[in-house]
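Take a look at the structure set out below.
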Amino acid sequence: METKEQTILSIDLGGTKILIGEVNELGEVLASKRYPSDVSSQINAVLKIKAALNDYQESIGFIGNPIGIGIGVVGRVDREHGLWIEINPSVSQPVYLVKEIEDEFKLPCFIANDVYCATLAEITLGNGNLTKNSVYLNIGTGIAACVVVENQIIEGGHFNAGEIGHMVVDMHSEVLCPCGRKGCVEVLASGLGLHNRAMAVMKDYPESIVKKPVEINTRISGETLFQAYDQGDALARAVVGEALVGVANLIMNLVRVSDPEVVVLGGGVVQDGWFLKQLTPYLNEKTLRFVTYGVVLTSLEAKTIGIKGCSILAFNQLKSGKVQMR
Ligand SMILES: [Zn+2]
């Protein structure tokens, strides 16, 4: 009888969607399905994850032989104790997610922060694999990074390392961040930050081709701003120009912290390559002289980098024999 290959059921919990996929040891996604997410609270998020897992088993089923479950979640995670601590400082109802999932689905479960998972995928399957010292920088709705030193992802004493969206990159900025400081890179250059900045300065640019979205809850996308920038639109030049300088400063500051040999960019704002192309002139050569492999775009598909990372997390943990406490 043919034995089925071992796989991991991987779950990537994002702000708007949950992606579930079955991933093999080569990082190949055998099947996947998208579900709506809910991160208004951790309780709601866990309900959504469980419902999605149940539906996935019924509607898609398994191609291989799942030997574990890997989950990437937004926010702070104590991996050793399988504890999802918080989504953000104001949304915190610590939940032992590993225990909750294992009790119901009867497979060993492993959880980590979503950017941590993407970084695992990057250093295993992507450009991060070129060296033991790298930085994975995610510029999406928010901004966060993982610093990899000697193949170890730095997590910090409170699982809060890499929240570099709150590095101040403009000392003279008057743009206030929810964290309390002014000029954080996240309020200038993240997907949400770009939208907020464009909305805030719109009144000063009545001639701009960038207009307020007609539908409520719709954002001015990075893409819209980048196209307007290419057409010489003054609003786009101001907002995107600020973001480019901010991210360039961020990257150069990170390079000074950990001496990486490659900086890999991922996330919705950068995925089409436009941002990186515009960014290059702002990066100082002397600062980047040891970044041997340069500042590059991830080679992994944005949609599946998270679930690939979740599978690597689970495979690695199962192989090492380290089971998360429950
Ligand atoms: Zn901040």
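All residue numbers for the sequence shown refer to my numbering, where the first residue is 1129 and numbers rise by one.
Think of the CB as a built atom: it goes at the ideal place given N, C-alpha and C, for glycine as much as any other residue.
| query | result |
| --- | --- |
| Alpha-carbon to alpha-carbon, ASP1206 and ASN1261 | 23 Å |
| Counterpart residues of PRO1456 in DSSP-defined beta bridges | Lying before the first or after the last residue shown, residue 1456 is absent from the chain, which here runs from 1129 to 1454. |
| 8 Å Cβ cutoff, PRO1222 in contact with chain D | Although the question refers to chain D, the structure presented lacks it and comprises just one protein chain. |
| Member of ILE1229, GLY1268, GLU1343 whose CA lies at the smallest distance from the CA of VAL1315 | GLY1268 |
| PHE1403, DSSP secondary structure in three states | helix |
| DSSP-derived helix/strand/coil call for ASN1266 | strand |
| Any non-hydrogen atom of ligand 1 closer than 7 Å to GLU1314 Cβ | yes |
| Proximity test, HIS1294 beta-carbon vs ligand 1 heavy atom, cut-off 7 Å | yes |
| Candidates SER1218, ALA1376, THR1259, of which the one nearest VAL1167 by Cα | SER1218 |
| First through last residue of the alpha helix (DSSP H) which encompasses TYR1357 | 1350 to 1358 |
| Inter-stretch contact (C-beta, 8 Å, three-pair minimum) for the stretch 1182 to 1191 and the stretch 1421 to 1433 | no |
| Separation of SER1301 from VAL1367, as counted between CA atoms | 13 Å |
| Among VAL1275, VAL1263, GLY1198, the one whose alpha carbon lies nearest that of PHE1233 | GLY1198 |
| Whole-angstrom C-beta distance between SER1165 and ILE1146, which should lie under 8 Å | 5 Å |
| 3 or more residues per run - each beta strand (DSSP E) lying fully within the stretch 1302 to 1368 | none |
| Length of the line joining the Cα atoms of GLY1189 and ALA1249 | 24 Å |
| heavy atom of ligand 1 below 7 Å from CYS1305 C-beta | yes |
| Which listed residue (LEU1258, GLY1293, GLY1270, HIS1286) has its alpha carbon closest to that of VAL1276 | LEU1258 |
| Where LYS1145 sits in the DSSP three-state scheme | strand |
| Segment limits, beta strand (DSSP E) that includes ASN1105 | Residue 1105 is absent from the structure shown; the chain starts at 1129 and stops at 1454. |
| MET1299 beta carbon less than 8 Å from that of GLY1308 | no |
| Beta bridge counterpart(s) of GLU1150 as assigned by DSSP | LEU1137, ALA1159 |
| Contact test: ARG1204 Cβ vs ligand 1 heavy atom, cutoff 7 Å | no |
| Reference GLN1221, options ASN1324, ILE1171, LEU1320, closest by Cα | ILE1171 |
| Short Cβ contact (8 Å threshold) for LEU1363 with VAL1385 | no |
| Residues near GLY1321 by beta carbon distance below 6 Å, same chain, minus five either side | GLU1314, VAL1315 |
| Beta-carbon separation (whole angstroms), GLY1210 vs ILE1239, contact threshold 8 Å | 6 Å |
| Helix, strand or coil at VAL1391 [DSSP, three-state] | strand |
| C-alpha distance - PHE1418 paired with GLU1228, whole-angstrom precision | 45 Å |
| Expected contact under 8 Å - CB spacing of ASN1377 and VAL1297 to nearest Å | 4 Å |
| Contact check, GLY1200 vs TRP1212, beta carbons under 8 Å | no |
| Member of ILE1292, ALA1246, ILE1195 whose CA lies at the smallest distance from the CA of GLU1230 | ILE1195 |
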